[in-house]
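A.B. asks: One structure, pasted below without further comment.
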Amino acid sequence: MGQRVALLPAVAQFLGREQKLLIGGAWVPAASGETFATLNPATGRPLTQVAQGAAVDIDRAVQAARAAFPAWAALLPAQRERLLHRFADLMEEHKAELAQLETLDNGKPFNVAYNVEVNVAIGQMRYYAGAPTRLTGETYPVSSPGFLVYTRREPLGVCGAITPWNYSLVMATQKIGPALATGNTLVLKPAEQTPLTALRLAELALAAGIPPGVFNVVTGFGDTAGAALTAHPDVNKVAFTGSTDVGRAIVRASAGNLKHVSLELGGKSPLIIFDDADLPAAAEAALWAIFANSGQNCVAGSRLYVQRRVYDTVLGELAARAGRLKVGDGLEPDTSLGPLISQRQLDQVLHFVEQGVAGGGTLVTGGQRPGGDLAGGYFLQPTIFGGVAEDSVIAREEIFGPVLSAFAFDDEADVLPRANHSRYGLAAGVWTNNLSRAHRLAQHLRAGVVWINTYDWFDPAVPFGGVGESGYGRELGSQVMDMYTELKSVWVKL
Ligand code: NAI
Ligand code: MG
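Start counting the sequence shown at 994; every next residue gets the next number (the numbering used here).
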């Protein structure tokens, strides 16, 4: 067994200073002078104070981004690539710091932050660093004589990004990368629960030579700073990841100047295990599908459908594995599940657990808060419900915590409509060794991503997004470029 992760001096220094807003290349306090504390959810104790930006600060940041836009958009593509690669290089150099800040602010295991998430963020930044020289238009074979017709991809202008607290670093790079690569400038409003990695990223972007005003960060709350960004008349696009309710508010706020909006919202994703699957592997996948990041995952496989003949076996296997997971502080080396993000989130999830019991579900394992050393943090044991009624609250609502609902099914015809019975449509998983059935389900499942004999894989090259109330637009892949550019058609009479 290893040792508790020791904080780097650079992290201690970072936490030792009050964090300000980055506007036009300068670190400034909020106009109001107000600050708020960001907490470590493993202890409930404050980590540091952060500037509490509001509408006036958002307005200053948007003006700075507007002023920086023409020069940034006019840079040669290869020059933008160099700067973004330099930014990625600095992220790599400061990888351990970024991972420690993410663990402290969000609570997730350091091992996951360091070995998975920071690498994913760097991989995204490198993928988009290579994009400026590959942004092309097309020529068209028009049926009128004597014309040359072509398209150009042009940046939108000033973009706003609003990110959630569950994967704050990755959600930030997923938006910063394509926004800057396509020649836009950006104002990022990170989640109030986890502002620290966005602020460290902004320091690194400045150090990389990304010009002042190209990338601005305004920390603050959703209903003030966030809402001001989404309603601002000089913002051309908002990219949002978060709850479906806030997604709806953003669509309404965007109507003023008809800004572009892309939305990555909630989910209630089904994972389906057939009796011909590799059952131990399927159980392990189902375990992490729900318990990774303590269930605070938009693609969490929170509805598990198991074919009736193997239902008891798989559920027994899953419960045994869940019982072996170590819940604890993310800085402890053997921790596999960190805390929930806040007291509010914990209360919400515990309320769902109560409703699960009241609704007649059978608590197979978990449902309790661990005591002892962990009593000060927002921890919850991994929780599995069996025998859940299909229309009960816990079967329908996004819980965003380590709570799984399991159901038995008879066959493909039985499970498909049940799996699709959701107002969400983010992700789905299928475990089977029947090739035709796997592809049939991939075709008919209503989701933006389907994983077959695996779950929760991402790559910067692969587009990601949802259908239905999981939102619209796609992030990642080359497709995201469409979300940050306008297509202009040019007609030339020869
Ligand atoms: P939220 O949607 O309120 O927060 C996400 C971001 O939106 C934060 O940066 C927040 O400051 C901002 N925001 C909040 N209200 C806003 C507004 N009116 N205008 C503009 N920006 C605004 O999510 P919250 O309250 O932290 O979590 C509640 C539930 O949302 C969770 O239990 C979960 O079900 C869902 N959620 C889903 C996420 C996903 O990845 N799909 C991520 C975070 C939350
Ligand atoms: Mg925090």
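Where is the CB? At the ideal position from N, CA and C, for every residue including glycine.
1) Do residue 1461 and residue 1394 have their beta-carbon atoms positioned less than 7 Å apart in this structure?
2) For a test of your reading of the model: does the CB of residue 1032 fall under 6 Å from any non-hydrogen atom of the ligand MG? Yes or no.
3) Please state if the CB of residue 1401 and the CB of residue 1206 are separated by a distance shorter than 7 Å.
4) Give me the Cα-Cα distance between residue 1111 and residue 1298, rounded to the nearest whole angstrom.
5) Is DSSP giving residue 1469 helix, strand or coil here?
6) Thinking residue 1074 and residue 1125 are a contact (beta carbons under 8 Å), I'd like their distance in whole angstroms, please.
7) Compare the Cα-Cα distances from residue 1472 to each of 1337, 1172, 1155 and report the closest residue.
8) Suppose contacts are defined by Cβ-Cβ distances below 7 Å. Is residue 1490 in contact with residue 1040 by that definition?
9) Under the rule that 16 or more other beta-carbon atoms within 10 Å means buried, what is residue 1322, buried or exposed?
10) How far does the alpha helix (DSSP H) with residue 1310 in it extend, from its first residue to its last?
11) Once you ignore the five residues that flank residue 1383 on each side, which residues in its own chain have a CB closer than 8 Å to its CB?
12) Would residue 1083 and residue 1165 qualify as a contact pair, given that the criterion is a beta-carbon distance under 7 Å?
13) Mapping the DSSP letters down to three states, classify residue 1379 as helix, strand or coil.
14) Name, in chain order, the residues that DSSP records as bridge partners for residue 1484.
15) Please confirm whether any heavy atom of the ligand NAI lies closer than 6 Å to the CB of residue 1287.
16) Would you be able to state if there are at least three C-beta pairs under 8 Å between the stretch 1206-1221 and the stretch 1053-1067?
17) Can you have a look at residue 1489 and say buried or exposed, based on whether 16 or more other CB atoms are within 10 angstroms of its CB?
18) Using 7 Å as the threshold, is the C-beta distance between residue 1050 and residue 1023 below it?
19) Please classify residue 1309: is it buried, with 16 or more other beta-carbons within 10 angstroms of its beta-carbon, or exposed?
20) From 1397, 1344, 1325, 1357, pick the residue whose C-alpha is nearest to that of residue 1366; which is it?
21) Is residue 1466 buried or exposed, if buried means 16 or more other CB atoms sit within 10 Å of its CB?
22) For residue 1427 versus residue 1286, is the C-beta spacing smaller than 7 Å?
23) State whether the stretch 1216-1225 contacts the stretch 1446-1460, with contact taken as three or more CB pairs (one from each stretch) at a distance under 8 Å.
24) Below 8 Å, can you find three or more Cβ-Cβ pairs linking the stretch 1339-1348 to the stretch 1300-1308?
25) If you run the structure through DSSP and keep just helix, strand and coil, what is residue 1523?
26) Using DSSP bridges, identify the partner residues of residue 1291.
27) Using the Cβ count rule (16 or more neighbours within 10 Å means buried), how would you classify residue 1011?
28) Are residue 1255 and residue 1474 closer than 7 Å when you measure CB to CB?
29) When every heavy atom of the ligand NAI is checked, does at least one fall within less than 6 Å of the C-beta of residue 1393?
30) In three-state terms, what does DSSP make of residue 1360?
31) Please state if the CB of residue 1307 and the CB of residue 1420 are separated by a distance shorter than 7 Å.
32) Taking the beta carbon of residue 1069 as the centre, do at least 16 other beta carbons fall within 10 Å, making it buried, or is it exposed?
33) Rounded C-beta distance between residue 1257 and residue 1234? I'm assuming under 8 Å.
C.D. replies: Let me spell this out:
1) No, these two residues do not count as a Cβ contact at 7 Å.
2) True, at least one ligand heavy atom lies under 6 Å from that Cβ.
3) Judged by their CB atoms, residue 1206 and residue 1401 are not nearer to each other than the 7 Å cut-off.
4) Rounded to the nearest angstrom, the two C-alpha atoms are 32 Å apart.
5) Coil, per DSSP.
6) Between residue 1074 and residue 1125, the beta carbon gap of about 5 Å places them in contact (Cβ cut-off 8 Å).
7) Out of 1337, 1172, 1155, 1172 has the C-alpha closest to the C-alpha of residue 1472.
8) No statement about residue 1490 is possible, as the shown extent of the chain runs from 994 to 1487 and does not include it.
9) Under this definition residue 1322 is a buried residue.
10) For residue 1310, the enclosing alpha helix (DSSP H) stretches over residues 1304-1317.
11) Contacts found: 1400, 1411, 1414.
12) Going by beta carbons, residue 1083 and residue 1165 fall outside the 7 Å limit.
13) Correct three-state label for residue 1379: strand.
14) In the DSSP output, where bridge partners are listed per residue, residue 1484 has 1142.
15) Not one heavy atom of the ligand NAI sits closer than 6 Å to the Cβ of residue 1287.
16) Contact holds: three or more Cβ-Cβ distances are below 8 Å.
17) The displayed coordinates of the chain run from 994 to 1487. Any statement about residue 1489 would go beyond what the structure contains.
18) Result yes, Cβ atoms of residue 1050 and residue 1023 sit closer than 7 Å.
19) So residue 1309 counts as exposed.
20) Here the closest residue by C-alpha is 1325.
21) By the 10 Å Cβ count, residue 1466 comes out buried.
22) Contact flag unset, no.
23) When Cβ pairs closer than 8 Å are counted between the two stretches, the stretch 1216-1225 is seen not to touch the stretch 1446-1460, the count staying below three.
24) The stretch 1339-1348, when compared against the stretch 1300-1308, does not touch it at the 8 Å Cβ threshold.
25) Here the chain has residues from 994 to 1487 only, and residue 1523 is not among them.
26) The partner list for residue 1291 (beta bridge, DSSP) is empty, contrary to what the question assumes.
27) Label assigned to residue 1011: exposed.
28) Remark: C-beta atoms of residue 1255 and residue 1474 do not approach each other more closely than 7 Å.
29) The nearest non-hydrogen atom of the ligand NAI is less than 6 Å from the C-beta of residue 1393.
30) Residue state, collapsed to three classes: coil.
31) No, the pair does not count as a contact, with Cβ atoms beyond the cut-off.
32) Exposed: under 16 other Cβ atoms inside 10 Å.
33) Their Cβ separation, rounded to whole angstroms, is 4 Å, which keeps residue 1257 and residue 1234 in contact under 8 Å.
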